Structure formats: structure tokens, C-alpha cells
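Scroll down for the structure; my scribbles are underneath it.
2 protein chains.
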Amino acid sequence: MSEKFSVGQLLAGLPPPAADEHFECLHAAGGARIERIVSHGQSSPPGFWYAQDGDEGVAVVAGEASLEFADGRSLTMRAGDWVVLPAGSRHRVARTASPTVWLAVHLPRAEDDARPPRPQLPGGLQSPS
Amino acid sequence: MSEKFSVGQLLAGLPPPAADEHFECLHAAGGARIERIVSHGQSSPPGFWYAQDGDEGVAVVAGEASLEFADGRSLTMRAGDWVVLPAGSRHRVARTASPTVWLAVHLPRAEDDARPPRPQLPGGLQSPS
Chain A
162 MSEKFSVGQL LAGLPPPAAD EHFECLHAAG GARIERIVSH GQSSPPGFWY AQDGDEGVAV
222 VAGEASLEFA DGRSLTMRAG DWVVLPAGSR HRVARTASPT VWLAVHLPRA EDDARPPRPQ
282 LPGGLQSPS
Chain B
162 MSEKFSVGQL LAGLPPPAAD EHFECLHAAG GARIERIVSH GQSSPPGFWY AQDGDEGVAV
222 VAGEASLEFA DGRSLTMRAG DWVVLPAGSR HRVARTASPT VWLAVHLPRA EDDARPPRPQ
282 LPGGLQSPS
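One line per chain: the protein sequences are A and B, in this order. Just add 161 to the spot in the first sequence (first one is 1) and you have my numbering. Just add 161 to the spot in the second sequence (first one is 1) and you have my numbering.
What follows is the structure in C-alpha cells.
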């Protein structure tokens, strides 16, 4: 029997513009997940902040996008740009070109992680302590 | 205090050609690791096979490379192409353009992974069982 290799092309088979971003899991193992995200102009709702449980690494493969962070900083990303969003860090997508292709890696939360419990987040902007 | 976001550009700051490929860890957490690899024409030694302990996802960001697998298949990868190499699968890099930039994600070995123990690999070609 042959071993199974999954292959693909990040810029092929892009879904057409739709109301929501398109998420496709490329692989998951050991609590980690690799996904392709395709955006067509979507942005996070005003005042909404993502804050994922584990660290997340994101690279823009094509297109352009702007992220905003709860401390007031912003980041414009183009092809080849990457960012690591620490677990619990508050961020939102302010703008995306159509299409924007992302490669996202969701890392497992480290078992020996000494971070304090993450407080519940209100919907609005909140400065990190 | 601000939350810390690591940022970078995969195609910037490429190391010059050298004898060895250049590995840069972009982030590691929870047993997973994201790294940028820059190749300048390197290839695996003849008869040498990689077989990593956990699943590995690899995408070519720029350049071109050819992989070979122990079952005789080969794969030419260009920008945007990705492959998932299952834990223990035997593969080698047959060829890389100069430069070739890779984004590699090493995933943790799943705790509930039921794969049998991986046999020690001889240096030469070996067909998968």
C-alpha cells in the first residue's frame, strides 16, 4: 500500500465571493490545525474581537488585509507577510481585498502554559492589561 | 503592557546561498512548530529519506522543488503548492531552485495515534509496507 500524501494548491479552486469567508481545513493532528481561509472583502463586525484559545500563525498568500489589535495598533498584510497571534490576544480583521488567501496554523495550547486564565471579553474594545 | 505579536515577511531577509539549507523557527507552541526554510539548490543525499515523527505540512512560497517518495512517486512544487507528509512517511528533496522558500508546519504526534511503531530506517531506499 502507498502512503497517503495530501497535496493542493493554495491559489487554485478559490470559492466565489459570498457573504462569509471560506474556511478549509488542510490537515489537523495532535491538537494543531492548518487551514486555508479565503476572504472576499469581509471584515470583523465593528467592536468584535477574536481571541482564540491557542497561539495562531497566519500568513497572507495573496491579496491584502488589515488587522487591528485591542491596544490600538494595526497591521497591513500582503503576500508573504505573517503574524503570530498569541493565545487570548484580541484582534479583528478590519479589511480584506477580494480575494485574500490566508494560510492559518492553529497551534495547541501548551500544557505547561503558565498564562493566567483569560477573562471573558466584552464586545467592545478593551485595552490589554 | 501591549500584547506581543511577532510579524515578518517570508520573502524578505533571505540568507545568501550556502552549503546548507537555512531553517528559521517562526513560532513553536504545544509541540507544534512553524518554520521558514530557504533552499539554494540543495537536495537530500542520494538514498537518504526523511521520516519525521509527526505529520508535517509544507507549502512552497517561492521557487520550485521536487520531492520524491519511497514508493516511487515524485512531486514538483511551485509557489502555492502544499503537501502533507504523514508521520513516518519516507520522502526526500530531489531538487530545489535557488532560492526556494518553504513554510513548514510540524504538527504534534496525536496522543491517541494508533499507528504502529516506526521501524528504524536504513540509509537506502525502502518500499513502504
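Glycine included, C-beta positions come from ideal geometry on N, C-alpha and C. Since this is a predicted model, take the numbers as computed values, not measurements.
Think of a sphere of 8 Å around the beta carbon of H183/A: no beta carbon from chain B falls inside it, the nearest being about 16 Å out. Minimum Cα-Cα distance from F209/A among the listed residues H252/A, V266/A, W263/A, A271/A corresponds to H252/A. Residue environment: G233/A is assigned as exposed (fewer than 16 neighbouring CB atoms within 10 Å of its CB, all protein chains considered).
For G241/A, a Cβ of chain B is located within less than 8 Å of the residue's own Cβ. Shown in chain order are the members of the stretch 205–224 of chain A whose Cβ falls below 7 Å from a Cβ of chain B: G215, D216, G218, A220, V222. For A193/B, the nearest CB of chain A lies under 8 Å from its own CB, placing it at the interface with that chain. The beta carbons of G191/B and P269/B sit closer together than 8 Å. Listed along chain B, the residues sitting closer than 7 Å to A271/A by beta-carbon distance are A190, G191. Scanning chain B for C-beta atoms nearer than 8 Å to the C-beta of L175/A yields nothing, as the closest lies near 11 Å away. Taking every protein chain shown into account, the CB of G202/A has fewer than 16 other CB atoms within 10 angstroms, so this residue is exposed.
Selection E182/B, Q213/B, S205/B, L264/B evaluated against S227/B yields S205/B as nearest (Cα-Cα).
Taking a 10 Å sphere around the C-beta of D216/B, we find 16 or more other C-beta atoms and assign the residue as buried. Only P247, S250 from the stretch 247–261 of chain A bring a Cβ to less than 7 Å from some Cβ of chain B. Excluding the 5 residues flanking it on each side, A255/B has same chain C-beta neighbours closer than 6 Å at S204, S227, E229, in chain order. Using a Cβ-Cβ cut-off of 8 Å, V168/A counts as an interface residue toward chain B, since at least one Cβ of chain B sits closer than that to its own. Note on geometry: alpha-carbon atoms of H188/A and V245/B lie some 7 Å from one another.
Within the same chain, Cβ atoms closer than 7 Å to the Cβ of E185/B are found at E196, R197, the five residues on either side in sequence being excluded. Contacts between V199/A and chain B, judged by CB atoms closer than 9 Å, are missing: the closest CB pair is about 13 Å apart. Take the alpha-carbon of T237/B and the one of S167/B: they are about 31 Å apart. Taking all protein chains shown into account, G174/A has fewer than 16 neighbouring C-beta atoms within 10 Å of its C-beta and is therefore exposed.
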